[in-house]
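Student:
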């Protein structure tokens, strides 16, 4: 650029940045809450990005070659929304609806807005999700779009940020450019590193990133940084921008106590005087993306699920999951898989071996794994992510946020419950059903045999939202024929007669305990109904209500803590129906397990066939 | 040391390391499962540590000046247990009970063993917990004990490890020495960094640690590294030891496919031949700690809780929590507090200002916060850790493991539910009750007014395990007198008569909605019972059953998803009792909230007074 061009550019960036600051203040003051000062520190960075580096068609947010811009520091939403206004995507009137009931402009960005890929606001999530999008860009779509992530400095305290750093460099994500808005001040005081940009630089470099340190309010430095970043190959880039919180308004600049506070209207007036600009509502041109299309996927083949022979094959549901995933890989070209370095335990390795280009090893970084799945789902892929069910607890915040992101992700947690045996409680998921049920719009499946697992894995590809399957370590008998069908919201009545005295509702491994209890009780002249509630959420209301009406006595049995699992799913049915509850007893794991054989631990937990028999007799007063 | 002394030392270390390897193989082969190869890589490191650097009285595991040794790579438990045998703490017979039902030697270490501080086995937790212990050592106990942490290389992929790295250097924890067993192989293949010790070194240095890179099988290098590490001041030390998985047995060394596998008895025989040593059951001397005592705590003062005036003071329960925490700080000298950089929102800042030396800022690193609380509880402190309730989901794996550690930690989650208003769903905890109820042995409290909050905060100090309090953002009316008492497992019947037609069970903010509904219904000639179930777990069975018997119709109402919260806690009562359930309906948040005023969102969620009135009338068929 000539000096004159540069000077013209600088004037344009200045005008835009001032407009973004003004709008960030105006909309938060109108709302009476929000984060103007955290928006103001990054306004210059975003002004240059928007006019000169971002490629985005705001009229076509689904354009396959659009760049992705993620505000990992989601509380700077006023800045993001002000950019939308400056790009002509929303009106000033809509901007002023910020944080109001019914507005698309929520306190933190969500995909209710068509230009927002994912919800942020729980810090440390935007960058790892960006990794997922960048994986898609580089390895699947093979499109030149960039993933721009605006990072806060406070959020670099989150370990998940460093999971993203290590994965982005491991996978050579040169399509990823993160911009660290290093404004020194967190919510309640200075950050750990304050303005020590060299410390940030050393960390990012040590994690394999290219780094550029700049003054985040110097337009020429910002411009040069972006120009350099887009040329970098083979490694991701971090632009470390030293900035001032509240930049542009004398009484807000680098002053504590202003985090997350809107200005009163008199302070707003003073601030806007300082931020004077030629126009407050200018619309700026954003460059359109090139008209490229992603790599075309092959045609899907008809689904040929693995099958297992009834009363013969003993197969763990985790193995059947792996077999099915591989089969689904043939049938569903959008399907991709991720695992947390335990793919030989979850059997995701079956898919990984068959489709190495559609498998992304996430190592022992469960937060990054869920985030990558969310990112891949943003690009339209159908991600299946697996690890031990116990370790999905590591990523609960990411799963919770995935629901707010309206992401479509499929999760499989293996090694559920005390029935894993010798490894002990740290490896046993005993809270996963509770955790997954309490996710908005989630589906929770818990198969008990390999044919059922395969069928339900196929069902998972068809259901949106967070869809979870719980699998078991131990080999289990095949009790369903390969042509039996299973559906989300369904169940199977395995034993039934007009003489049923108690209905036992089980799922997963306890189905087999219930069947054993049935045999023993029948030999003693007591008939029970046995229901396999493989769809824990949604539960099969109709079958549960029918059992209640016909039998009036229900026992639930689950390899899970008593709280929030199958038992609660069953009682839930009756809080939605008119009329009385039946008598219900719940068998669940009531004490802290240790090591032992699966059989010993199932017995000790009080969820064995033996305990079911005792509970049935107790309910019938026949002990 | 003279050359002769060194050579004698090396012989001793060799013998001990071989014994540790032999025992790691023997006990896992006897168990039929476990992790011999991950134990063998670290055997040399632990042999030198045990005989020459560790200060520990195995006869007195509660000695206040004992060093702490944490196996963050908990799957190397065979090595740890073999060390216990070599120290004479357990017999060979007991070692051979590894992983058997009823044995103290579980698959992964737990504090069932008196020498184990905390459960590990979920990777990436030992180091952050060590940070908590080291904080206690340096800032509270002021004792010279060291915190030694054996780290696996795979687990450095966990972000929580980097949270620990940043906090350990920020707090200048020179009493902390981590030993990275860099054996290159994870469970299913190579780690991301394999043997790139310089990459580990660069990362640790960038995070402010002193680093020493060694060959982890060269005794002199190991010895020199420890000698150097114990002298380092002001910063923590990481010893990066390049090791070989399965070291010592030719057919196991650096061979894939051996992770987590016990040797068959014929392979065991071959291995033991290679590991020949003069004695297989020698007992080695471990140095005793100096006889120092921790800083003596002041006498606790009588508790003087803050009080609030009924029908006058409108105070958020989060503010009352802060006020109470400060008051409890005076009364309970062991009480310490932590917060995730939101202390001006949770009001933990009240305590921080009053007791800056007993407050540990954890920045935006919730996993580290919970881990530090666990570590502080190991040293006998009473930690209260707070953040937004939504962000406790970030640390669910740590909370789950805290229960397995039998840790005594108190957690406070603020900003629960849609009632926070404008900030939107990313900041709203709507699953925290489900998550916390499904923690073994947990207590879950949810106060609705400031006096109740203060009383319950005082109760929290007296209850072991994971004790959780959920607080609310909005100011709420004071409805209880300051002398009213509340207990874990209790409830309050706020409105009651012989004519009650429905019992409404609420907690926290919905108590106020229920009271409004009461007034409106009474004006229409319908009387309801209103119960404040502030103890969500354990729930007050007696009062719930009494309401069921007297009224027969129950409506629960909560600012939480329908799954796993108050409604499920209430239905739980009836699964434990003989006899029929009453009619129960559950009001909870049924759709994804956005932004809005608290009143708008409570109404929209279907949990307002208005919706309670409708639900009561529906249940009475009077709509």
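Chains as they are written, first to last, in the UniProt record's numbering: chain A, 1 to 623; chain B, 1 to 623.
Idealized CB from N, CA, C, for every residue including glycine.
From a predicted model like this one, the values you see are computed outputs, not experimental measurements.
Between the stretch 551–571 of chain A and the stretch 423–442 of chain A, can you find at least three pairs of beta-carbon atoms closer than 8 Å?
Tutor: Touching, per the Cβ criterion.
Student: Compare the C-beta of residue 375(B) against all C-beta atoms of chain A and say whether one is closer than 7 Å.
Tutor: Chain A contact via Cβ: absent.
Student: How would you write the range of the beta strand (DSSP E) that residue 469(B) sits in, first residue to last?
Tutor: Residues 466–470.
Student: Distance, Cα to Cα, residue 602(A) vs residue 622(B)?
Tutor: Going from the Cα of residue 602(A) to the Cα of residue 622(B) covers about 48 Å.
Student: Taking only the alpha-carbon atoms, compute the straight-line gap between residue 246(A) and residue 618(B) and give it to the nearest angstrom.
Tutor: Distance between the alpha carbons of residue 246(A) and residue 618(B) is about 52 Å.
Student: Pull up the DSSP beta-bridge partners for residue 215(A), would you.
Tutor: 242(A).
Student: Quick check: is the beta carbon of residue 438(B) nearer than 7 Å to any beta carbon in chain A?
Tutor: Judged by the 7 Å Cβ criterion, residue 438(B) is in contact with chain A.
Student: List the residues of chain B whose Cβ lies closer than 7 Å to the Cβ of residue 513(A), in chain order.
Tutor: Near residue 513(A) there are no residues of chain B at all, since even the closest Cβ is about 18 Å away, more than 7 Å.
Student: Taking Cβ positions, are residue 79(A) and residue 47(A) nearer each other than 7 Å?
Tutor: Going by C-beta atoms, residue 79(A) is not nearer than 7 Å to residue 47(A).
Student: Reducing DSSP to helix, strand and coil, say where residue 181(A) ends up.
Tutor: DSSP places residue 181(A) in strand when its eight states are reduced to three.
Student: To the nearest whole angstrom, what separates the beta carbons of residue 575(B) and residue 571(A), a pair I think is in contact under 8 Å?
Tutor: Indeed they touch by this definition, with Cβ atoms about 7 Å apart.
Student: Using Cβ-Cβ distances below 8 Å, what residues of the stretch 136–156 of chain B are close to chain A?
Tutor: Taking 8 Å as the Cβ-Cβ cut-off against chain A, the residues of the stretch 136–156 of chain B that qualify are 154 and 155.
Student: Below 8 Å, how does it come out for the stretch 145–152 of chain A and the stretch 120–137 of chain A: are there three or more Cβ pairs, yes or no?
Tutor: Because the criterion of three Cβ pairs below 8 Å is met, the stretch 145–152 of chain A and the stretch 120–137 of chain A touch.
Student: Are the CB atoms of residue 38(B) and residue 75(B) within a distance shorter than 7 Å?
Tutor: Yes, Cβ-Cβ distance for residue 75(B) and residue 38(B) is below 7 Å.
Student: Buried or exposed: which applies to residue 590(B), given that a residue is buried once 16 or more other Cβ atoms fall within 10 Å of its Cβ?
Tutor: Exposed.
Student: Tell me the DSSP secondary structure of residue 601(B) in three-state form.
Tutor: If DSSP states are grouped into helix, strand and coil, residue 601(B) belongs with the helices.
Student: Would you kindly work out how many angstroms separate the C-alpha atoms of residue 511(A) and residue 528(A), rounded to a whole number?
Tutor: Between residue 511(A) and residue 528(A), the C-alpha separation is close to 13 Å.
Student: In angstroms, rounded to a whole number, what distance separates the CA positions of residue 278(A) and residue 10(A)?
Tutor: Going from the Cα of residue 278(A) to the Cα of residue 10(A) covers about 14 Å.
Student: Tell me which same chain residues have a C-beta within less than 6 Å of the C-beta of residue 468(B), skipping the five on either side of it?
Tutor: 411, 436 and 444.
Student: Residue 173(B) lies in the beta strand (DSSP E); which residues open and close that run?
Tutor: Premise fails: residue 173(B) is in no beta strand (DSSP E) and is neither H nor E.
Student: For residue 90(B), which residues of its own chain have a beta-carbon under 6 Å away from its beta-carbon, when the five flanking residues on both sides are left out?
Tutor: Hits under 6 Å: 84.
Student: Evaluate the contact criterion for the stretch 451–463 of chain A versus the stretch 385–396 of chain A: three or more CB pairs, one atom per stretch, below 8 Å.
Tutor: Contact fails: fewer than three Cβ-Cβ distances are below 8 Å.
Student: Please list, in chain order, the residues of the stretch 441–467 of chain A that have any C-beta partner in chain B closer than 8 Å.
Tutor: From the stretch 441–467 of chain A, only 441 have a Cβ closer than 8 Å to chain B.
Student: Does DSSP classify residue 477(B) as helix, strand or coil?
Tutor: Residue 477(B): strand per DSSP, three-state reduction.
Student: Round the Cβ separation of residue 556(A) and residue 493(A) to the nearest angstrom and send it over; I've been treating them as touching at under 8 Å.
Tutor: About 15 Å; that fails the 8 Å criterion.
Student: Find the residues of chain B that neighbour residue 162(A), judging by a C-beta separation of less than 7 Å, and give them in chain order.
Tutor: Those within 7 Å of residue 162(A) in chain B are 159 and 162.
Student: Are the stretch 378–389 of chain A and the stretch 340–349 of chain A touching, with three or more C-beta to C-beta distances below 8 Å?
Tutor: In short, these stretches touch, since the Cβ pair count reaches three.
Student: Would you decide whether residue 120(B) is buried or exposed? Buried here means 16 or more other CB atoms lie within 10 Å of its CB.
Tutor: Classification of residue 120(B): buried, given that the 10 Å Cβ count is 16 or more.
Student: So, at 7 Å on beta carbons, what are the nonlocal neighbours of residue 507(A) in its own chain, with the 5 sequence-adjacent residues on each side left out?
Tutor: Excluding sequence neighbours, residue 507(A) sits near 446, 448, 532, 533, 534, 536, 558 and 566.
Student: Between the alpha carbons of residue 295(B) and residue 16(A), how many angstroms are there, rounded?
Tutor: Approximately 59 Å between the Cα atoms of the pair.
Student: Would you be able to state if there are at least three C-beta pairs under 8 Å between the stretch 466–484 of chain A and the stretch 401–410 of chain A?
Tutor: Yes, since at least three Cβ pairs between the stretch 401–410 of chain A and the stretch 466–484 of chain A fall closer than 8 Å, the two stretches touch.
Student: Note down the Cα distance separating residue 96(A) from residue 260(A), rounded to an integer number of angstroms.
Tutor: Going from the Cα of residue 96(A) to the Cα of residue 260(A) covers about 17 Å.
Student: Applying the 10 Å Cβ sphere with the 16-neighbour rule, what's the burial state of residue 156(A)?
Tutor: Buried, since its Cβ has 16 or more Cβ neighbours within 10 Å.
Student: Run through the DSSP bridge pairs and tell me what residue 553(B) is partnered with.
Tutor: According to DSSP, residue 553(B) bridges with 583(B).
Student: Identify the contact partners of residue 94(B) in chain A, using a Cβ-Cβ distance below 8 Å as the criterion.
Tutor: Chain A residues near residue 94(B): none, gap ~14 Å exceeds 8 Å.
Student: Could you give the DSSP three-state label for residue 339(A): helix, strand or coil?
Tutor: Note: residue 339(A) maps to strand in three-state DSSP.
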